[in-house]
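Quick note on numbering: this note's numbering labels position 171 of the sequence shown as 190, and the sequence is numbered without any gaps. For glycine and all other residues, C-beta sits at the position ideal for the given N, C-alpha and C. Since the model is a prediction, treat every value here as computed from it, not as a measurement. Notes follow once the structure below has been shown.
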Amino acid sequence: MKALQTIGLTKRYGPLVALDTVSLQVEEGEIFGLLGPNGAGKSTLVGILTGLVLPSAGQARILGRPHDDPAARREVGYVPELFRSAPWLTAAETLRFHAAFLRRPLTPADADALLDRVGLGHVGRRRVAGFSKGMEQRLAWAAALVGEPRLLLLDEPTSALDPSGRHEMAGLMRELRDRGVTIFLNSHLLRDLEGLCDSVALIRQGRLGDTGPVPVVLEGAGPRFRIDVGPMSDAIYEELRARGIACTATDEGAVLEVPVSRSELPAVHRELVRLGLAVYEVVPVRRTLEEWFLEEIETP
Ligand SMILES: Nc1ncnc2c1ncn2[C@@H]1O[C@H](COP(=O)(O)OP(=O)(O)O)[C@@H](O)[C@H]1O
Ligand SMILES: [Mg+2]
């Protein structure tokens, strides 16, 4: 069973196609990042999953059920792009209010524990009216966790947080994942997602682009290694080029880019030694999420 699945999901606003036949799958217990520029359709997709936006066509399934099935809804926690709550309530009262919607008891101790987890333990008795944007976003996280969801939908969930707040929330996401919670998040903050997401998908102008597990996506056209070698003759240079190995001269020798997998690497190493080259360093070539994003966005 998939935690989340969309099949040909489409949303039109008059002539504008905000989502164009989007089909994606999220495995249970993973952190899945949907990345895309502003206006790409990220919030529209999450909106449909939460039931706040009606799709024009297609389907979505949550934990094996239609997304609008009340039993599926109960498993979902949602952090909206802009969280607004009644300013006259305190943080703890806000959580009790959310718990009441879920018809779920929430003791003051439960509320305090939740507020603690999002770094608001010290302001639980303060009214939300005086909260900063970052504090409101933390409260949104706590509210999303009230129902102990199995799937968390997060729409730009760290946009209002400072770097240490983002770091804390990344820690919280890992902790939730380790307890089996699936996390689906939208973001354009690529640095925050590096090292956090298990899988990513790119969306632009409503269309889903490259998608897959992060290590695969970052390998790009295939695994490659950069090999730092000593000086070589022109004949060897030509021979390597003929084999499809890119060579760049350096002050001390050359750097080779070899399109092979890890298991083929020892044979390549032996061959280089046979050609009389000194091998100083071998490093895998991987794109960063940001490089991947920019390369994909620039591809027409
Ligand atoms: N309620 C709406 N009415 C008309 N157009 C909308 C509405 N909501 C979103 N859109 C349009 O749909 C597109 C996708 O928006 P959105 O999903 O908010 O993008 P993202 O979250 O990726 O920034 C944008 O062009 C946006 O202007
Ligand atoms: Mg958005």
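Put simply, the residues with a CB less than 6 Å from any heavy atom of ligand 1 are Y32, L35, A37, G55, N57, G58, A59, G60, K61, S62, T63, in chain order.
CA-to-CA, the gap between E49 and T109 works out to about 33 Å. P285: member of the alpha helix (DSSP H) spanning 284-293, first to last residue. In the three-state reduction of the DSSP assignment, V165 falls in the coil class. One Cα belongs to K152, the other to S206, and the distance between them is close to 17 Å. L38 and A265 have their C-alpha atoms spaced approximately 40 Å apart.
Sorting R293, P127, W311, F244 by C-alpha distance to the C-alpha of R144 places P127 at the top.
In the DSSP assignment, R146 falls outside any alpha helix (DSSP H) and carries neither an H nor an E.
Setting aside the 5 residues that flank it on each side, L294 is surrounded in the same chain by I255, each with a C-beta closer than 7 Å to its C-beta; the list follows chain order. In this structure, the straight-line span from the alpha carbon of E290 to that of E283 is close to 11 Å. If you ignore the 5 residues before and after L82, its C-beta comes within less than 7 Å of the C-beta of M20, A22, A91, E94, R169, L170, all in its own chain and listed in chain order. Bounds of any alpha helix (DSSP H) do not take in L171; it lies within the beta strand (DSSP E) bounded by 170-174. R146 and P106 have their C-alpha atoms some 6 Å from each other. When the beta-carbon positions are compared, R31 and S62 stay at least 8 Å from each other.
For ligand 2, no non-hydrogen atom lies closer than 7 Å to the CB of D87. Looking at the DSSP output, K30 shares a beta bridge with L38. Scanning F51, T29, L71 for the CA closest to the CA of A59 turns up T29. Counting along the chain, the unbroken alpha helix (DSSP H) around A261 starts and ends at 253-261.
D211 has its Cβ no nearer than 7 Å to any heavy atom of ligand 2. Non-local C-beta neighbours of D217 in its own chain, meaning closer than 6 Å and more than five positions away in sequence, comprise E49, I50, ordered along the chain.
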